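Shown next, in structure tokens, is the structure this report addresses.
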Amino acid sequence: MSETHNAHTHEEHESIGSGSTTSPYARRIRAIEALLVERGVLTKEDVLRQIEYMEARSPANGARLVARAWVDPEFKARLLSDTKAAAAELGIDASGPVEFVTVENTPEVHNLIVCTLCSCYPRAILGRPPDWYKSFNYRSRAVNEPRAVMREFGLEIPEDVEVAVHDSSADIRYLVLPMRPPGTEDMSEEELARLVTRDCLIGVTIPREPAHAV
Amino acid sequence: MTTAKFEPGDPVRVRADEKPGHVRTPGYVRGKTGRIASVLGEFRNPEMLAYGGSGLPKQHLYKVAFRQTDLWKDYPGSPDDALYIDIYEHWLEPALRSDPRQATSRRG
Chain A
1 MSETHNAHTH
11 EEHESIGSGS
21 TTSPYARRIR
31 AIEALLVERG
41 VLTKEDVLRQ
51 IEYMEARSPA
61 NGARLVARAW
71 VDPEFKARLL
81 SDTKAAAAEL
91 GIDASGPVEF
101 VTVENTPEVH
111 NLIVCTLCSC
121 YPRAILGRPP
131 DWYKSFNYRS
141 RAVNEPRAVM
151 REFGLEIPED
161 VEVAVHDSSA
171 DIRYLVLPMR
181 PPGTEDMSEE
191 ELARLVTRDC
201 LIGVTIPREP
211 AHAV
Chain B
215 MTTAKFEPGD
225 PVRVRADEKP
235 GHVRTPGYVR
245 GKTGRIASVL
255 GEFRNPEMLA
265 YGGSGLPKQH
275 LYKVAFRQTD
285 LWKDYPGSPD
295 DALYIDIYEH
305 WLEPALRSDP
315 RQATSRRG
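Read top to bottom, the protein sequences are chains A and B.
Position 19 (the first sequence) corresponds to 19 in the numbering used here; numbering is contiguous.
Position 96 (the second sequence) corresponds to 310 in the numbering used here; numbering is contiguous.
What follows is the structure, encoded as structure tokens:
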């Protein structure tokens with residue numbers, strides 16, 4: 001899984017950097033981009049600025065939000081009631097037309113995020129979604145057999161815990177606030193943030209206690 | 215600004231319409247009954263925005279909760295499992311409260 005993902009990330013960076021990709025889709029995008037620039041709809045600088053904006057976002061932002069919420073109950077309350085404002089408190093600029101909602105895992109409910117229609121994802125906070133998130137396989141199975149999907153990520157949700165799937169079909173983007181793992185009482189906020197991976201923020205896995213963390 | 219037609223707890227049915235174009239109501243919830251979990255605010259209608267329209271008037275958007283067992287025959291999981299999805303008001307119609315088991319998820 002991680003090898004595949006790294007390969008994709010590498011490929012994506014190459015296509016941004018050198019423009020050497022020769023797939024039909026990449027060529028089509030370049031043709032559209034060239035036309036938009038030629039007609040004055042946007043400039044090359046606009047495109048670069050947008051790429052830089054997206055590259056500056058990463059799952060580390062989500063990990064910081066989660067770690068702060070674990071150590072500061074008042075921040076957690078704000079994160080759950082107004083995610084955009086809570087992100088701004090940590091210097092994460094998620095301003096823009098879409099709204100963000102954080103859903104909290106509890107001993108009773110485990111949350112999982114999907115976009116069945118396309119690939120809606122809290123990009124302004126986490127950057128680009130992983131490739132599997134955009135796959136037809138994940139988008140179709142996350143809604144009708146979420147427990148099987150999570151099992152494939154190594155997460156078994158007990159039968160007495162409700163699985164709540166959130167299909168982000170419209171103007172809201174969702175993040176999962178996972179539960180703080182046991183055995184982390186003595187950890188600093190920075191150490192806690194390192195336990196929170198991108199996949200925890202989507203809900204396909206949970207932060208592991210330090211003994212199991214890689 | 216208009217008043218939202220539904221409030222949290224209301225049973226609603228997603229219209230079973232076939233509509234071409236950029237529609238944000240996936241097929242698997244059309245014709246299904248759930249309940250309003252929350253009212254999310256007013257947003258421009260993406261079915262118009264996608265084609266260069268203004269998207270106005272804005273549409274109320276709702277988080278609608280379904281029991282997974284009401285969506286999928288032979289759903290493999292707990293009967294408490296829920297699916298939440300954001301649906302614009304023009305896709306929703308009132309449903310009867312006839313089935314007391316309908317949408318009894320613990321979360322809202």
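Every residue, glycine too, gets a C-beta built ideally from N, C-alpha and C.
Note that this is a predicted model, so its numbers are computed, not measured.
Closest Cα partner of residue i within the set the options
i              : options                           : result
A218 (chain B) : B:G269, B:K246, B:L254 and B:R229 : B:L254
R229 (chain B) : B:G248, B:S252, B:A264 and B:G235 : B:G248
K272 (chain B) : B:F257, B:S292, B:P225 and B:G241 : B:F257
R173 (chain A) : A:R28, A:A26, A:L35 and A:L80     : A:L80
E189 (chain A) : A:V71, A:D199 and A:T102          : A:V71
G183 (chain A) : A:A63, A:R147 and A:P210          : A:P210
A87 (chain A)  : A:E108, A:R64 and A:I51           : A:R64
P122 (chain A) : A:D199, A:Y25 and A:G154          : A:D199
R238 (chain B) : B:P308, B:D300 and B:E307         : B:D300
I206 (chain A) : A:R194, A:E185, A:A148 and A:M179 : A:M179
L192 (chain A) : A:A67, A:G40, A:E162 and A:A31    : A:A67
H236 (chain B) : B:R227, B:V243, B:G266 and B:F280 : B:G266
P73 (chain A)  : A:F100, A:G96 and A:E104          : A:E104
D171 (chain A) : A:R30, A:I51, A:Y25 and A:V98     : A:V98
F220 (chain B) : B:P290, B:P234 and B:S252         : B:S252
V109 (chain A) : A:V163, A:M187 and A:E52          : A:V163
G241 (chain B) : A:A94, A:A85, A:S140 and A:S95    : A:S140
Below-8 Å beta-carbon distance, residue i vs any chain A residue
i              : result
I299 (chain B) : yes
G235 (chain B) : no
W305 (chain B) : no
L270 (chain B) : no
D294 (chain B) : yes
S319 (chain B) : Its pLDDT being 46, under 50, S319 (chain B) is placed unreliably in this model, and the value from its coordinates should be taken loosely. By this cut-off, S319 (chain B) is an interface position.
Y265 (chain B) : no
G291 (chain B) : yes
D224 (chain B) : no
Euclidean distance between Cα positions of residue i and residue j
i              : j              : result
A142 (chain A) : I125 (chain A) : 22 Å
V204 (chain A) : M150 (chain A) : 5 Å
P130 (chain A) : S119 (chain A) : 10 Å
M215 (chain B) : M262 (chain B) : 18 Å
T197 (chain A) : K44 (chain A)  : 33 Å
L36 (chain A)  : V47 (chain A)  : 10 Å
C115 (chain A) : D160 (chain A) : 25 Å
D284 (chain B) : K277 (chain B) : 17 Å
F280 (chain B) : L42 (chain A)  : 43 Å
F100 (chain A) : G40 (chain A)  : 32 Å
N61 (chain A)  : D186 (chain A) : 22 Å
For residue j and residue i, believed in contact at Cβ under 8 Å, the rounded distance
i              : j              : result
L310 (chain B) : P222 (chain B) : Going by Cβ atoms, the distance from L310 (chain B) to P222 (chain B) rounds to 18 Å, so no, they are not a contact pair.
L297 (chain B) : D167 (chain A) : 7 Å
L175 (chain A) : T102 (chain A) : 5 Å
S169 (chain A) : L117 (chain A) : 6 Å
Backbone secondary structure at residue i - three-state DSSP
i              : result
L201 (chain A) : helix
I206 (chain A) : coil
I299 (chain B) : strand
K44 (chain A)  : helix
R57 (chain A)  : coil
K134 (chain A) : helix
E185 (chain A) : coil
E162 (chain A) : strand
D284 (chain B) : helix
Cutoff 8 Å: residue i Cβ touching any chain B Cβ
i              : result
T83 (chain A)  : no
R173 (chain A) : no
T116 (chain A) : yes
N105 (chain A) : no
P146 (chain A) : yes
E45 (chain A)  : no
E292 (chain A) : Only positions 1 to 214 of chain A appear in the structure, and residue 292 (chain A) is not among them; the question remains open.
S169 (chain A) : yes
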